[in-house]
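*Asks:* The structure is given below, and queries will be raised subsequently.
Numbering (the numbering used here), first residue to last: 3 to 318.
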């Protein structure tokens with residue numbers, strides 16, 4: 003029976019990932035091993051589950067029917083396992099998480115030692131990537147994201163809040179002057195962050211309401227580390243999350259906060275996971291842990307910057 007359950011789980015992951023090789027890499031196995039597990043399941047059922055060619059893999063009619071029933075069975079099995087685990091009070095298993103590289107380095111990894119000490123039966127597989135992760139395809143249990151979450155296939159819970167500030171180096175301002183209003187940014191070199199959904203538009207609060215300012219610049223970066231370094235080097239003005247700047251960089255005057263009367267809207271920090279009928283204890287434990295941690299961090303706590311969400315903000 004255990005072999006059959008393993009084969010069904012492998013089959014379901016192949017359907018979700020779209021290839022044998024993806025599942026093999028995910029499970030530290032080989033493509034022939036994964037293929038043999040699916041073949042054994044097909045032999046057990048007496049039907050073919052996949053149409054296989056050298057270039058594609060697709061479900062047969064029987065495969066579609068079996069997959070729908072298999073999902074229900076696997077969810078019921080996990081629900082039963084989780085119920086027992088919850089009773090024992092011990093979240094267990096491997097928790098696969100994703101987050102942006104810099105946010106993970108600064109705010110997730112430093113907190114993992116405490117989480118793992120609190121939960122000795124949970125292993126953490128953290129995948130840091132500045133590209134958008136397909137949680138279902140990559141088999142990720144939980145993603146920590148900064149910005150609005152709009153994917154209808156995902157569930158999100160806000161666990162923190164951050165805001166953006168506009169900053170520049172003293173050297174840049176000495177050369178180019180200091181903007182007094184958001185409109186002045188049109189005449190400046192601005193650091194473009196390509197992962198921001200708003201693109202080359204920065205959103206500010208003004209007395210008459212939110213305004214969007216088109217900006218331009220000769221330097222573009224796809225992560226916040228690249229933006230931060232460029233600002234320090236005097237390449238232009240940046241529109242950056244507060245969690246990425248050390249207080250001393252602003253306090254010693256090397257960097258200057260600008261346009262503080264026109265601050266951008268705060269952004270949510272969210273725990274995001276696939277829509278399911280249950281939430282595994284290991285996932286719930288991590289969400290609750292990070293929510294408590296961020297609530298105690300002045301830079302990330304929800305209460306500090308509570309305002310209307312910025313719908314032009316990017317999710318990282």
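The beta carbon of each residue, even a glycine, is placed where N, CA and C say it ideally should be.
Everything numeric in this text was worked out from a predicted model, so none of it was measured.
Determine whether the beta carbon atoms of residue 193 and residue 233 lie at a separation below 8 Å.
*Replies:* Yes; because the gap between Cβ atoms is below 8 Å, this pair is in contact.
*Asks:* Whole angstroms are fine: how far does the CA of residue 149 sit from the CA of residue 40?
*Replies:* Computed Cα separation, rounded: 39 Å.
*Asks:* Using C-beta distances below 6 Å, list every residue in its chain close to residue 241, excluding the 5 sequence neighbours before and after it, in chain order.
*Replies:* Counting only Cβ-Cβ distances below 6 Å, and skipping sequence neighbours, we find 166, 168 and 204.
*Asks:* With a floor of 3 residues, list each beta strand (DSSP E) that falls wholly inside the region 180 to 257, ordered by position along the chain.
*Replies:* Complete beta strand (DSSP E) runs here, min 3: 203 to 208, 211 to 216 and 240 to 243.
*Asks:* Please look up how many angstroms separate the CB atoms of residue 71 and residue 62, rounded, as I've assumed it's under 8 Å.
*Replies:* Not a contact, Cβ separation roughly 14 Å.
*Asks:* State the Cα-Cα distance for the pair residue 64 and residue 13, rounded to the nearest angstrom.
*Replies:* Rounded to whole angstroms, residue 64 to residue 13 spans 13 Å at the Cα level.
*Asks:* Whole alpha helix (DSSP H) runs in the region 29 to 102 with 4 or more residues, listed along the chain?
*Replies:* Entirely contained in the region 29 to 102, the alpha helix (DSSP H) runs reaching 4 residues are, in chain order, 33 to 47 and 63 to 90.
*Asks:* Answer yes or no: do residue 162 and residue 302 have a C-beta to C-beta separation smaller than 8 Å?
*Replies:* For residue 162 and residue 302, yes; Cβs fall inside 8 Å.
*Asks:* Going by DSSP, what residues sit across from residue 20 in a beta bridge?
*Replies:* Note: residue 20 sits in no beta bridge, so no partner.
*Asks:* With distances taken from CA atoms, which of 122, 121, 126 and 120 is nearest residue 111?
*Replies:* Minimum Cα distance to residue 111 is reached at 126.
*Asks:* So is residue 305 buried or exposed if we call it buried at 16+ other beta carbons inside 10 Å?
*Replies:* Summary for residue 305: the model assigns pLDDT 42, below 50, so the residue's position carries little reliability, and this model does not support an answer.
*Asks:* Three-state secondary structure (DSSP) at residue 12?
*Replies:* Correct three-state label for residue 12: helix.
*Asks:* Alpha carbon to alpha carbon, how far is residue 231 from residue 170? Give it in angstroms, no decimals.
*Replies:* Taking the straight line joining both Cα atoms gives about 11 Å.
*Asks:* Within 10 Å of its beta-carbon, does residue 282 have 16 or more other beta-carbons around it, so buried, or fewer, so exposed?
*Replies:* Residue 282 should be labelled buried.
*Asks:* Quick check on residue 162: does DSSP put it in helix, strand or coil?
*Replies:* It is a strand residue.
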